[in-house]
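So the sequences go chain by chain: S and P. Note that my numbering gives residue 23 to position 23 of the first sequence, counting from 1, and the numbers run on in steps of one. Just add 1000 to wherever you are in the second sequence, counting from 1, and you've got my numbering. Think of the CB as a built atom: it goes at the ideal place given N, C-alpha and C, for glycine as much as any other residue. Every value quoted in this text rests on a predicted model; they were computed, and no experiment measured them.
Protein chains: 2
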Amino acid sequence: MFFEGAEKKLEIIVSKEHQPLYQQPDSFWEELVQQCEATILSSIRNEKQLAFLLSESSLFVWDDRLLMLTCGQTKLIKSAQFFIDKFGADHIDCLFFQRKNEYRSHLQPTDFIQDAKLLDGLMEGEALRLGKMHSHHTQLFHTTKAYEPIDEDRTCELLMYDMAPEVIDFLTREDLNREEIREFFQFEKILPGFQLDDFVFKPYGYSLNGIRGEDYFTVHITPQETSPYVSFETNLKICEKSQVLLHQILEILRPFSFDVMTFNCSTEFDFGQTYMKTIHVKDSLAIGYDVHFRYYNKKMDTPEKVYRYKELI
Amino acid sequence: MFFEGAEKKLEIIVSKEHQPLYQQPDSFWEELVQQCEATILSSIRNEKQLAFLLSESSLFVWDDRLLMLTCGQTKLIKSAQFFIDKFGADHIDCLFFQRKNEYRSHLQPTDFIQDAKLLDGLMEGEALRLGKMHSHHTQLFHTTKAYEPIDEDRTCELLMYDMAPEVIDFLTREDLNREEIREFFQFEKILPGFQLDDFVFKPYGYSLNGIRGEDYFTVHITPQETSPYVSFETNLKICEKSQVLLHQILEILRPFSFDVMTFNCSTEFDFGQTYMKTIHVKDSLAIGYDVHFRYYNKKMDTPEKVYRYKELI
């Protein structure tokens, strides 16, 4: 059974009169999440933010913005539409809607162009592709009304594909519990001081939200043998920490390939001799964001065997 | 407008009593091609084979077998089903059905698993994936009844993505004629002695069949800016010619990345320092074919700009 791990991503920044956004009632967040056919599993909060763990990924809410990530066949565009309808386009300062290239796009309810056209009808914007059509790429719709990002507004996504076989063996153990996964990732060591909320799916799969002041990180694992995938996203100053955190995560998971996507993080990453950068897109959006999309690959020296589909038998 | 260049491929080997297969009446080939919603544009023949140029790619017919390639949204599975119904599964010695990973699979009428299940209901077989789900891969259904390939039965496919900008500029010139394209590829020089049949599509796109005795080669170009693609396939002894031909074609088109898929061709290819092999699958099928699927990438040192979708405006 194939599961499209790659998350769709929605970020919305509201105008002053709707801040603090996290003070919206719980019923509002429940309704927002229902729109995309996901459900809220649990939540944590501190004085700066609110973080929901969803049946398909995560929702974070701050003073001025929200970030929503959903995977599988969820209809994140419906949540975007619901939010715009409720608040009104004039009360939204900036909106980003992002979709990674999908390997089974026929299982998705809509495609990116349909989603972007719908959004463009509600709030003027433009649609971009970062990366090559015939390789990894991500597609991004963003509003074009004048906007200037705050200094702290940076994000880094690390999307990892086909982890080392031992890692996949571990992550697909059906009796795995959250303590074992936290220990495996050494979250306490590499990301100290975060309040954590996590969930282990059956037969496997794992989601985690971590918050500390305004900082967040989130991890989602879909270890299925046909398409093993782990995503990590954060607003930490990764650039200034000399990529130490990304290196640590890559050493733990040893993926065959990975994407690094950043907003307003200008450091050049260096992943040494093991990985080669086969895609790099770098651009400045008129609304004040520098975006980078990179795809790194290992050289394959030892040929693999074919994968035999079991579904036909 | 996106066009899925990657071809679906069907190869069928018939039993002795239906040979020579190329003696089937023209009406049969017309009907076979109609099934997948393509049409025959022209044909050439010699004493060994018959080659049709199609509105979406090619059909070759020999004494014992046929090879059919169709791109875009064609329903090649319907042609396979039609052929099996007409001849009967007992009169087919071997069947291969292959689909490359598609980047807009939601535009396709069926997916590979559906096609493989349909075929498996008509003739027992197995379905394979060669390559990683999260990178380039091809999917292959083949029958499992006992079979032993003839010595000459080898093929090599070279599938090239994102050719050099000057090459794309040339291939998307709307007034381009066949002589200019033949000259550009230097077909007469690199593949001498072939009888050629080619067609220039409007506004652009090009297909060519070449035959010489039992040898064939075929070239299909979809140079569209969102997904530039050129495929080359042949049964020539490329392995033994020290890859000269593949190198020549790569030098002409200078793609950003390419796949090489071979059946019964054991030579190790070497594409030097320019390209790195990021995927290599190597296996032996029980029905006597050694298959290799390889994907090569360039290192990207100079970042690209984003691609802006024009469709929304």
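I believe residue i touches residue j by the beta-carbon criterion, under 8 Å. Please report the beta-carbon distance rounded to the nearest angstrom.
i: S:Phe96; j: S:Asp115; result: Wrong, their Cβ atoms sit about 12 Å apart, outside the cutoff.
i: P:Asp1198; j: P:Arg1178; result: 5 Å
i: P:Leu1140; j: P:Leu1159; result: With 8 Å as the limit, P:Leu1140 and P:Leu1159 do not qualify as a contact, their Cβ atoms being about 14 Å apart.
i: S:His134; j: P:Ser1257; result: 7 Å
i: S:Met68; j: S:Leu21; result: Actually they are not in contact, since the Cβ atoms of S:Met68 and S:Leu21 sit about 12 Å apart, beyond 8 Å.
i: S:Thr218; j: S:Asn209; result: 5 Å
i: S:Glu4; j: P:Ile1113; result: The Cβ separation is near 15 Å, so there is no contact.
i: P:Lys1305; j: S:Val281; result: 7 Å
i: P:Asn1297; j: S:Asn297; result: 6 Å
i: S:Lys75; j: S:Pro109; result: 5 Å
Can you tell me whether residue i is buried or exposed, with buried defined as 16 or more other CB within 10 angstroms of its CB?
i: S:Ser284; result: exposed
i: S:Pro255; result: buried
i: P:Phe1201; result: exposed
i: S:Thr143; result: buried
i: P:Ala1065; result: Looking at the sequence provided, one finds Arg at residue 1065 of chain P rather than Ala. With 16 or more other Cβ atoms within 10 Å, it is buried.
i: S:Ser266; result: exposed
i: P:Lys1008; result: buried
i: S:Lys132; result: buried
i: S:Ile150; result: exposed
i: P:Val1244; result: exposed
i: P:Arg1173; result: exposed
i: S:Asp85; result: exposed
i: P:Thr1262; result: buried
i: P:Cys1101; result: Looking at the sequence provided, one finds Asn at residue 1101 of chain P rather than Cys. Buried, because 16 or more other Cβ atoms sit within 10 Å of the Cβ of P:Asn1101.
i: P:Asp1259; result: buried
i: S:Asp93; result: buried
i: S:Gly302; result: As written in the sequence, residue 302 of chain S is Thr, which differs from the Gly given in the question. Classification for S:Thr302: exposed.
i: P:Arg1104; result: buried
i: P:Gly1125; result: buried
i: S:Arg308; result: exposed
i: P:Thr1343; result: Outside the displayed range of chain P (1001 to 1313) lies residue 1343 of chain P, so it cannot be described from this structure.
i: S:Thr39; result: exposed
i: P:Arg1157; result: Note on residue identity: the sequence assigns Glu, not Arg, to residue 1157 of chain P. P:Glu1157 comes out buried.
i: S:Glu233; result: buried
Nearest to residue i by alpha carbon, out of the options?
i: S:Ile13; options: S:Leu208, S:Leu41, S:Asp90; result: S:Asp90
i: S:Ser43; options: S:Lys86, S:Gln35, S:Leu59; result: S:Leu59
i: S:Gln186; options: S:Gln73, S:Trp62, S:Ile252; result: S:Ile252
i: P:Leu1041; options: P:Glu1152, P:Ser1055, P:Val1033, P:Leu1050; result: P:Ser1055
i: S:Met300; options: P:Lys1100, P:Glu1102, P:Arg1294; result: P:Arg1294
i: S:Ala51; options: S:Tyr275, S:Leu76, S:Gln23, S:Gln73; result: S:Gln23
i: S:Leu33; options: S:Ala80, S:Asp63, S:Lys16; result: As written in the sequence, residue 33 of chain S is Val, which differs from the Leu given in the question. Per the Cα distances, S:Ala80.
i: S:Asp153; options: S:Asn297, S:Tyr296, S:Tyr307, S:Tyr289; result: S:Tyr289
i: S:Asp215; options: S:Thr39, S:Cys36, S:Asn46; result: S:Asn46
i: P:Phe1087; options: P:His1018, P:Lys1277, P:Leu1053; result: P:His1018
i: S:Phe83; options: S:Gln35, S:Leu130, S:Cys71, S:Trp62; result: S:Gln35
i: P:Glu1148; options: P:Glu1304, P:Trp1062, P:Asn1264; result: P:Asn1264
i: P:Lys1016; options: P:Thr1039, P:Ser1057, P:Trp1062, P:Glu1233; result: P:Trp1062
i: S:Leu171; options: S:Asp111, S:Gly72, S:Met276, S:Tyr204; result: S:Tyr204
i: S:Leu107; options: S:Leu53, S:Gly72, S:Tyr206; result: S:Gly72
i: P:Glu1180; options: P:Tyr1161, P:Thr1155, P:Tyr1206; result: P:Tyr1206
i: S:Tyr161; options: S:Ser57, S:Ile238, S:His220; result: S:His220
i: P:Glu1037; options: P:Ile1077, P:Thr1155, P:Lys1048, P:Gln1049; result: P:Ile1077
i: P:Ile1279; options: P:Asp1169, P:His1136, P:Thr1155, P:Lys1189; result: P:His1136
i: P:Ala1006; options: P:Thr1138, P:Leu1176, P:Gln1049; result: P:Thr1138
Is residue i near the ligand MN, with its Cβ less than 7 Å from a heavy atom?
i: P:Asp1153; result: No copy of the ligand MN appears in this structure; indeed no ligand is present at all.
> When the Cβ atoms of the stretch 13 to 31 of chain S are set against those of the stretch 183 to 195 of chain S, are three or more pairs found closer than 8 Å?
Replying inline: no
> So, do the stretch 1163 to 1177 of chain P and the stretch 1114 to 1129 of chain P have three or more beta carbon pairs nearer to each other than 8 Å?
Replying inline: no
>> Would the stretch 1224 to 1231 of chain P count as touching the stretch 1279 to 1294 of chain P if we require 3 or more Cβ pairs under 8 Å?
In response: no
> In chain order, which beta strand (DSSP E) runs of at least 3 residues are fully inside the stretch 237 to 270 of chain S?
Replying inline: 257 to 263
> Contact between the stretch 268 to 280 of chain S and the stretch 1245 to 1255 of chain P: three or more CB pairs below 8 Å?
Replying inline: no
> Which runs of the alpha helix (DSSP H) fall wholly inside the stretch 154 to 191 of chain S and span at least 4 residues, in chain order?
Replying inline: 165 to 171, 178 to 185, 187 to 190
>> As an exercise, report each continuous beta strand (DSSP E) stretch of at least 3 residues that is fully enclosed by the stretch 1045 to 1102 of chain P, in chain order.
In response: 1050 to 1054, 1057 to 1061, 1065 to 1070, 1092 to 1100
> If you scan the stretch 196 to 230 of chain S from start to end, which runs of the beta strand (DSSP E) of 3 or more residues do you find wholly inside it?
Replying inline: 206 to 212, 215 to 222
> Residue ranges of each beta strand (DSSP E) run of no fewer than 3 residues wholly in the stretch 1103 to 1149 of chain P, ordered along the chain?
Replying inline: 1125 to 1131, 1137 to 1143
>> Just to confirm the assignment: which complete beta strand (DSSP E) runs, minimum length 3, are found wholly within the stretch 268 to 303 of chain S?
In response: 275 to 284, 290 to 298
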